[in-house]
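Q: Number 46 in the working numbering belongs to position 46 of the sequence shown; there are no gaps in the numbering.
No residue lacks a Cβ here, since even glycine has one placed at the ideal position from N, Cα and C.
This is the structure I have questions about; it appears just below.
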Amino acid sequence: MNPPVFKYTIDSSEFAGKRVLVTGGSKGAGQAIVRRLAQGGASVAAVARALPEEGSSPAALFVEADLLTAEGAAKTAETVLREFGGVDIII
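Here it is, written out as structure tokens:
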């Protein structure tokens, strides 16, 4: 028996002009989300405990922080507010 397959795609241009914070954005699904949103015109901040292996993308702001700590959360908030002036969407 095969499990159901859900196929859902988003039109990333729906996020054009939005300020998006993506947690876990340095690899895997989070990294793919960061790339897709940035391609669609969103201002994207990606936070992760480690920067992506290939380095920062010019299309996104990467914040190296651990959101499980107060210091990491504060660093992320301060950086994103300074660079983007706020956040519209958190993923």
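Looking at the strands, I want to know which residues DSSP matches up with Ser12.
A: BP columns for Ser12 are empty, so no partner.
Q: Between the C-alpha atoms of Val20 and Pro4, what's the straight-line distance to the nearest angstrom?
A: 30 Å
Q: Tell me, please, which residues DSSP counts as bridged to Ile90.
A: Leu21
Q: Tell me the DSSP secondary structure of Glu53 in three-state form.
A: coil
Q: Output the boundary residues of the beta strand (DSSP E) element that contains Ala48.
A: Ser43 to Ala48
Q: Given a cut-off of 8 Å, decide if Val44 and Ala60 are closer than it, judged by their beta-carbon atoms.
A: yes
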